[in-house]
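Novice: The structure under discussion is supplied below as C-alpha cells; questions concerning it will follow.
Protein chains: 2
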Amino acid sequence: MLRLKRIGISTGRENVAFLSRACPTYRAAAFEGQGKVEVLAGSKRLVATLDLVDDPAILPPDCLGLSEETFARFGQVEGSDTRLDHPHPPKSREGLHAKIAGRELDEACFRAIIDDIAHHRYSKVEVAAFLVACGSFMTTAETLALTRAMADAGEGLHWPDAPVVVDKHCIGGIPGNRTSMIVVPIVAAHGLPMPKTSSRAITSPAGTADTMEVLANVEVDLNRMREIVAEAKGCLVWGGHVKLSPADDVLISVERPLNIDTREQMVASILSKKKAAGSTHLVIDMPVGPSAKVRSAEDAARLRKLFEYVGDAIGLTLRVTISDGSQPVGRGIGPVLEARDVMAVLENRADAPPDLRERSLALAGRILEFDPALRGGAGMARARELLDSGAALRQMHRIMELQGPPPRVATLGSLSREVVADHDGRVMSIDCYRLARIARLAGAPFDPGAGIDLLRKVGDPVQAGEPLYRIHAEREVEFRFACGLAAEASGYTVNGNGKEPL
Amino acid sequence: MLRLKRIGISTGRENVAFLSRACPTYRAAAFEGQGKVEVLAGSKRLVATLDLVDDPAILPPDCLGLSEETFARFGQVEGSDTRLDHPHPPKSREGLHAKIAGRELDEACFRAIIDDIAHHRYSKVEVAAFLVACGSFMTTAETLALTRAMADAGEGLHWPDAPVVVDKHCIGGIPGNRTSMIVVPIVAAHGLPMPKTSSRAITSPAGTADTMEVLANVEVDLNRMREIVAEAKGCLVWGGHVKLSPADDVLISVERPLNIDTREQMVASILSKKKAAGSTHLVIDMPVGPSAKVRSAEDAARLRKLFEYVGDAIGLTLRVTISDGSQPVGRGIGPVLEARDVMAVLENRADAPPDLRERSLALAGRILEFDPALRGGAGMARARELLDSGAALRQMHRIMELQGPPPRVATLGSLSREVVADHDGRVMSIDCYRLARIARLAGAPFDPGAGIDLLRKVGDPVQAGEPLYRIHAEREVEFRFACGLAAEASGYTVNGNGKEPL
Chain A
1 MLRLKRIGIS TGRENVAFLS RACPTYRAAA FEGQGKVEVL AGSKRLVATL DLVDDPAILP
61 PDCLGLSEET FARFGQVEGS DTRLDHPHPP KSREGLHAKI AGRELDEACF RAIIDDIAHH
121 RYSKVEVAAF LVACGSFMTT AETLALTRAM ADAGEGLHWP DAPVVVDKHC IGGIPGNRTS
181 MIVVPIVAAH GLPMPKTSSR AITSPAGTAD TMEVLANVEV DLNRMREIVA EAKGCLVWGG
241 HVKLSPADDV LISVERPLNI DTREQMVASI LSKKKAAGST HLVIDMPVGP SAKVRSAEDA
301 ARLRKLFEYV GDAIGLTLRV TISDGSQPVG RGIGPVLEAR DVMAVLENRA DAPPDLRERS
361 LALAGRILEF DPALRGGAGM ARARELLDSG AALRQMHRIM ELQGPPPRVA TLGSLSREVV
421 ADHDGRVMSI DCYRLARIAR LAGAPFDPGA GIDLLRKVGD PVQAGEPLYR IHAEREVEFR
481 FACGLAAEAS GYTVNGNGKE PL
Chain B
1 MLRLKRIGIS TGRENVAFLS RACPTYRAAA FEGQGKVEVL AGSKRLVATL DLVDDPAILP
61 PDCLGLSEET FARFGQVEGS DTRLDHPHPP KSREGLHAKI AGRELDEACF RAIIDDIAHH
121 RYSKVEVAAF LVACGSFMTT AETLALTRAM ADAGEGLHWP DAPVVVDKHC IGGIPGNRTS
181 MIVVPIVAAH GLPMPKTSSR AITSPAGTAD TMEVLANVEV DLNRMREIVA EAKGCLVWGG
241 HVKLSPADDV LISVERPLNI DTREQMVASI LSKKKAAGST HLVIDMPVGP SAKVRSAEDA
301 ARLRKLFEYV GDAIGLTLRV TISDGSQPVG RGIGPVLEAR DVMAVLENRA DAPPDLRERS
361 LALAGRILEF DPALRGGAGM ARARELLDSG AALRQMHRIM ELQGPPPRVA TLGSLSREVV
421 ADHDGRVMSI DCYRLARIAR LAGAPFDPGA GIDLLRKVGD PVQAGEPLYR IHAEREVEFR
481 FACGLAAEAS GYTVNGNGKE PL
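Protein chains in written order, with full-length UniProt numbering: chain A, 1 to 502; chain B, 1 to 502.
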C-alpha cells in the first residue's frame, strides 16, 4: 500500500502519477517500459503516466503522488491507501493502432477512442499519435463518425421550446474579429434564440469570452444561462462550465503546442460542439487571407464542402460564408480594445470601425435568413435596421444586465508605445499572426487592458515616423517583451511613396 | 533573473523546466500555449517543455527548476542566474510539418530533424508526431536518408586495422534467443573481428548485455574495448558508453510506450547503429512466428528487401536469415537462466538446448562465410568444428577474462513456483509475448536471478499436473505479480490427449 500525496505540479489534461525511484513497487510498476500505470483506491481506478522521483522531500518512498489535476480527478483524500496495477490497455488501443497503420475506422472505433480520451486514459503522446494519424488519412465518413462520437461524449444542451436555435462560428486566425458580440444582440433583438457559448483565448490575444468579460460577467451556470436566453433570446457566456466536448478539450491541448491544425479535426471539433450545444442552424465565417488559417480559395472551397457534408449528416442547417482574412478586423486587438470597437459599432458612433460593422451585418443577415419570413436576401436589411435603430444596443444592454457586472473593472494598459513607419509609403499588408503574437506578449488576454491599437490599416498612406499602431501593456516585463518583438519586425509591410500601391 | 534549482524528478529524454505559477515571468513565458521555453544562462541555451508548479516547497516563485536529466544536460550549478526566452522554433520545424502533411522529405530535412531530436529540442509530443508521420508514409529513399542522418548523428567507431568487421543483429521478440554469446566466441576463434555492443533490455526480460553481465563485466570504455578486440578479436559489452545513435535513443523512448514499431524506423534504427559502429558485414536474424515481431513470410520478405536496399546503399554487406520465431529459444528466460543455457552450449554439455545450439551455428556459419576462404557453404561446418573442439569455449573464457569479473555474483532466484498443465495433452504453442511479460514481472532483468525455466517446449507431451515451466524470483512482490499473471493465463496452449497434436 502506498499513501496518496498531492504533488503541487500542474500537468493539465494528462494524468500524471509520481513514484519514488526507491519504492520497491517501482520496478514492477514500470515494468513494461510503457510509462503508464493504474492507480487504485477502493473501487476507484485511474490511468496515469508515471514519472519517477529521486527527491524524498518531494515524495517519500512509501507514497504515491498525483499531480494537481490528476489528484482532483481521482477524488480521494491525501493519505488514502492506494496501490498500483499494471495498466490495462485502453479498450480503444487496437483502433488507435489501426488508425496509425493507415486503416479506416468505423464509428464504434471512434467512439471507443473518444471515450478513452475524454476520460484521460490516453497519454499526451498517444493523443499526438491519434491526431497525426487522423491528419495523414481520414475519409469523410470517418470525419462524420468522429464528429458524432465527440458530440455524444459531452453533456448536451437541449432547448425544447425552440424549434430553431442559431449559432455562428468563425474559424479564426484574424485578430479583432469580434463579430459575435454584435451579431448576438442583433439576432436576439429580432427574436431568434442565439445562446452563444464562447471560449477564452488559447493562442490568440482574446477570445469572445475574454472580451465580453470586459463588459459583463461571463461565468454563468447552465440554469442561469437558460433563464437569460428565455428572457433576452441571447447570451454571450464562457463555455467552460458546460462540458460540450470534453474529448476536444484534450485534443486541443495537444494540437496547439504541436501547432498542427488538420481540416478534418477542425470540422469535427466545431460541429460536434455546436451539435452538443443544441444548435439547429449555423453560419460559419471563414476568413481567407495570406496569414489566416485558410489561405486560398481552393482550400476554402474544399473545407466548405466538408463542413456542409458533415453538418448535413448530423442534422445541422449550415451556411459557410467566406470573408476577407487579409488583415485584422476593427482597430483593437486585446479584450479592452476589442470591447471598445464592439460598443462603438452597437452605439452607431462615427468612429466605429466600418469593417467590423459590415462583417457583423453580413453575418447577422445570413443568420436572420434562417427565419422563413426573411428568406431570399431580406436578412441584411433587417440586421441593418436593428443595428441603426438602437434595438441591438438595447438588447446588448439587456444581456449584460442579466449576465451581471464584470468581475473586475478593466481599463486600457497605461504602458504604451507607438510603433512607427520607417519610410513613407502605403500599408500593403499586415501580418495577422505577428500582430497577434505581439499583443499576446504584451499580456493579452491575461491582462485585459493589454493589446494593440491599430492606427493604420491596409491601403492607408503613412509617412516615415508616423505611427502604425500603439502597443498597450499593464506590466513592465510584458511591455518589454512586446516592444522587443515589434522592434524585430512590426508585422506591417509599407511600400511605395504613399500615393500609389506598387 | 531566476535562480536555477535542480528538481529531483526524472523526465528521461525529454527536457522539462519547472516554473512557479506565481512567477511574474510565467504568463509571458508560457505565452503561446506552446508549452515550450528556452532556458538561458550566459551563453548556454536549452529548449524545454514547461511545467507549472503550485507548491512553493517544490519551487519558490523566484526560481527556475530543471528535472534531473535536464539539469545535467544544462551543466550549470544550482543558484546560477538564468532567464527564460520564447522558444525559437527548432530549425527542422518546417520539415516536421511537411512530413506530418504527408510530403516526402529530402536528406537535409532528415538531418535537421535528427539533429534537433538528438539534442533534445523536441518534446515527446513532437517526437511522437514525427514517428507516426513517418509510419504513415515513407519512401525507401526517405528510409535511406533517415538512416544516413541517424548514423552520422552519433560518435562513430572506426577499426582502421580491420578491412572486415562483422556483426549480427536479431530483430527480437523471441525470449531466450541469446545466440550472440555463442556466435561471438565462434567467429572470434576463427579470427574475424566481431566487436559486439549490445543493449540492456528495455521491454524484454533480458538483453545480451544483461545476460553477459552474469558472466563478466560489460561496462568497458571505448579504449578498453579496442584493446580487448585487438587481443581476442571479439567482445560482448554494453553499448551504453558509446553514443552510436543518440537520436535513436530518443525515438525509442517514445516508440516503446506507444507500442508502435514501424518497419522503416526499425531498419533505420538498426542499420544506422551498425554503420556508426564501424561494421562492414552484417547478418540479420529475423524470427518469424505468430507472437514474434514479424508474423508472416510476406512481411519477412518485404522487410528483408528494405534491409538489403538500405544496407547496400550505405555500404554494408548484409545477409538476412529467416528463423523460427514460434516459441522461446533454449530453456531459460532471464539473465541467469539464459547464461546457463549459453554456457551449456559452449561447454558441449549433454543437456545443452539443441535449438539454441543449432541457431547459433547457423548464424555463425553465415557470418564466417564473409571470409572469402569459406564462401559457398563452408561456414556452418567451420562453426561446428570451432564449437565442438572447445575453441569457442576457450575464446569465451578469454573474452570474459579480458572484460573482467561481473560486478556482482548473480544466482538463480530462490522463490520459485511451477506452473502446471491442467489437462493431458501436447504443447501446441507458447506465447512469446506473454512469457516475456511474466518473466519481466518476476523481476528480470533488474533481478538477474529472476525469470522462467521452460520445462516443456512445443510438441512435448504433458499430463495434467505436470509442470510446464518454473517461475523464479528474488523478491516477494515481484514473485506474486508474476505468479498472478501466470495464473490468469499460462501462455501455453495444450491440446489433445498427449499422443497426437490436434
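Note that beta-carbon positions come from the ideal geometry of N, C-alpha and C, so glycine has one too.
Please list, in chain order, all residues of the same chain as R287(B) whose beta carbon is under 6 Å from its beta carbon, the five residues on each side excluded.
Specialist: According to the sequence displayed, residue 287(B) carries Pro and not Arg. Shown here for P287(B): same chain residues with a beta carbon closer than 6 Å to its own, the five before and five after excluded, namely I174, S323 and G325 in chain order.
Novice: For G484(B), report the span of its alpha helix (DSSP H) as first-last.
Specialist: E476 to E488
Novice: Quick one: measure Cβ to Cβ for T143(A) and V267(A), integer angstroms, because I've assumed they're closer than 8 Å.
Specialist: 6 Å
Novice: Report the neighbours of I58(A) on chain B: residues whose CB is nearer than 8 Å to its CB, in chain order.
Specialist: Ordered by position in chain B, the residues that pass the 8 Å Cβ test against I58(A) are I7, G8, I9 and I58.
Novice: Using three-state DSSP, classify P353(B) as helix, strand or coil.
Specialist: Of the three classes helix, strand and coil, the one that applies to P353(B) here is coil, per DSSP.
Novice: What does the Cβ neighbour count give for K275(A), buried or exposed, with the cut at 16 atoms within 10 Å?
Specialist: buried
Novice: What does the Cβ neighbour count give for L303(A), buried or exposed, with the cut at 16 atoms within 10 Å?
Specialist: buried
Novice: Starting from V400(B), trace the alpha helix (DSSP H) both ways and give me its first and last residue.
Specialist: According to the sequence provided, residue 400(B) is Met. The question's Val does not apply to it. Start and end: A391 to Q403.
Novice: Just to confirm, is the Cβ distance from Q265(B) to L441(B) under 9 Å?
Specialist: Result no, Cβ atoms of Q265(B) and L441(B) do not sit closer than 9 Å.
Novice: Taking DSSP as the reference, what is the three-state secondary structure of V39(B)?
Specialist: strand
Novice: Taking the alpha-carbon positions, what's the L96(B) to F130(B) distance?
Specialist: 6 Å
Novice: Within 10 angstroms of the Cβ of M1(B), are there 16 or more other Cβ atoms? Answer buried if so, exposed if not.
Specialist: Flag for M1(B) reads exposed.
Novice: Give the interface partners of V132(A) over in chain B, defined as CB-CB distance under 8 Å, in chain order.
Specialist: Using a Cβ-Cβ cut-off of 8 Å, V132(A) is close to I100, A128, A129, V132, A133 and S136 of chain B, given in chain order.
Novice: Is the CB of P461(A) under 9 Å away from at least one CB in chain B?
Specialist: no
Novice: Suppose you measure from the CA of K36(B) to the CA of L64(B); what does that come to, to the nearest Å?
Specialist: Cα-Cα distance, rounded: 14 Å.
Novice: Where in the region 163-206 of chain A do unbroken runs of the alpha helix (DSSP H), each at least 4 residues long, occur, reported from the N-terminal end onward?
Specialist: 180-190
Novice: Between A189(B) and A392(B), is the Cβ-Cβ spacing less than 9 Å?
Specialist: Going by C-beta atoms, A189(B) is nearer than 9 Å to A392(B).
Novice: To the nearest angstrom, report how far apart A206(A) and E418(A) are at their CA atoms.
Specialist: Distance between the alpha carbons of A206(A) and E418(A): 21 Å.
Novice: Go through its chain and collect everything with a Cβ distance to V187(B)'s Cβ below 7 Å, but skip five positions before and after it.
Specialist: V166, M194, G234, A364, I367 and L368
Novice: Reducing DSSP to helix, strand and coil, say where V288(A) ends up.
Specialist: strand
Novice: Quick one: Cα of Q395(B) to Cα of V310(B), how far?
Specialist: 33 Å
Novice: Starting from the N-terminal side, write out each stretch of the alpha helix (DSSP H) that is 4 residues or longer and does not extend beyond the region 45-103 of chain B.
Specialist: 68-74 and 93-100
Novice: Since I believe P335(B) is in contact with E219(B) (beta carbons under 8 Å), could you give me their beta-carbon distance rounded to a whole number of angstroms?
Specialist: The pair is not a contact, with the Cβ atoms about 15 Å apart (cut-off 8 Å).
Novice: At what residues does the beta strand (DSSP E) containing L415(B) begin and finish?
Specialist: Element bounds for L415(B): L415 to V420.
Novice: Check whether the Cβ atoms of L244(B) and G156(B) sit closer than 9 Å, and answer yes or no.
Specialist: yes
Novice: So R456(B) is in the alpha helix (DSSP H); what residue range does that whole segment cover?
Specialist: R456(B) -> no alpha helix (DSSP H), and no H or E assigned at all.
Novice: If I measure Cβ to Cβ from R295(A) and keep anything under 8 Å in the same chain, skipping five residues before and after, which residues do I get?
Specialist: Apart from the 5 residues on each side of it in sequence, R295(A) sits with its Cβ closer than 8 Å to the Cβ of V288 and G289 in its chain, given in chain order.
Novice: State the start and end residues of the unbroken beta strand (DSSP E) segment that holds V320(B).
Specialist: T317 to D324
Novice: Is the distance from the Cβ of L4(B) to the Cβ of G102(B) below 9 Å?
Specialist: no
Novice: Name the chain B residues whose beta carbon is nearer than 7 Å to that of L363(A)?
Specialist: What L363(A) touches in chain B: nothing, since even the nearest Cβ is about 27 Å away.
Novice: So with CB distances below 7 Å, who are the chain A contacts of T139(B)?
Specialist: Near T139(B) there are no residues of chain A at all, since even the closest Cβ is about 14 Å away, more than 7 Å.
Novice: Is there a C-beta anywhere in chain A that falls below 9 Å from the one on V125(B)?
Specialist: yes
Novice: Could you have a look at Y309(A) and say whether DSSP puts it in helix, strand or coil?
Specialist: helix
Novice: Can you give me the C-alpha to C-alpha distance between T280(A) and W159(A), rounded to a whole angstrom?
Specialist: Rounded to whole angstroms, T280(A) and W159(A) show a C-alpha spacing of 10 Å.
Novice: What does DSSP give as the partner residues of residue 503(B) in its beta bridges?
Specialist: Since the first residue of chain B shown is 1 and the last is 502, residue 503(B) is not available in this structure.
Novice: Beta carbon of I452(A), beta carbon of L337(A): below 9 Å?
Specialist: yes
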